[in-house]
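Residue numbers (the working numbering): 14 to 185.
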């Protein structure tokens, strides 16, 4: 997203009474919204995403939002918890359309790209074409087309995620 890095508050009309009344535009300006999404939800912060008890079994998943970004939180076959943006790497469609469930793979409804519980691309239809026609290029690397991954940390049964891969650990 192309959110502005700075917002000039001089462009807002502040009431004469002082700063106790916030200009209505603060709540409706798209630039303010974009900046909040970038700095608060996609910035260097941990966001609550769910509770571990919602994912008791391998293959379980829940969907949620971190700000306005749709996210899937899932448990893999080894018991690990992962999170990724719920938008297909191919055309941007939602991969998981249910609030929660259990599945072996997450499959996009648009072109049937399939992703594992870590968000890695594990299958595409007609990869080598059909009857010798079409298909993906021979150098198509599925590892380069996974879903955007979020860093996950759990604390006392709560699941937190961040877009910032370098953010200090939640426990610190």
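Ideal Cβ placement from N, Cα and C applies to all residues, glycine included.
For residue 79 and residue 112, believed in contact at Cβ under 8 Å, the rounded distance | Actually they do not touch by this definition, with Cβ atoms about 15 Å apart.
With a CB to CB cut of under 6 Å and the five nearest residues on each side skipped, what residues in its chain are close to residue 125?
-> Within the same chain, and ignoring the five residues on either side of residue 125 in sequence, the residues whose Cβ sits closer than 6 Å to its Cβ are 138.
CA-to-CA distance, residue 150 to residue 135, given in whole angstroms = When rounded, the distance between both Cα atoms is 16 Å.
Quick one: grab the DSSP three-state call for residue 54.
-> Helix, per DSSP.
Per-residue DSSP class, three states only, for residue 97 | Three-state DSSP puts residue 97 in a strand.
Does the region 42-56 come within contact of the region 163-173, defined as at least 3 CB pairs closer than 8 Å?
-> These segments do not touch.
By how many angstroms is the C-alpha of residue 178 removed from the C-alpha of residue 120?
-> Using only the alpha carbons, I get a separation of about 26 Å.
Cα-Cα, which of 86, 81, 62, 61 is closest to residue 73?
-> Sorting 86, 81, 62, 61 by C-alpha distance to the C-alpha of residue 73 places 86 at the top.
C-alpha distance - residue 61 paired with residue 36, whole-angstrom precision | Roughly 29 Å separates the two Cα atoms.
What does a CB cutoff of less than 8 Å around residue 94 pick up in its chain, not counting 5 residues either side in sequence?
-> Closer than 8 Å at Cβ, skipping near neighbours: 65, 68, 86, 87, 88, 165, 167, 172.
What three-state label does DSSP hand residue 45 in the structure shown?
-> For residue 45, the secondary structure class from DSSP, reduced to helix, strand or coil, is helix.
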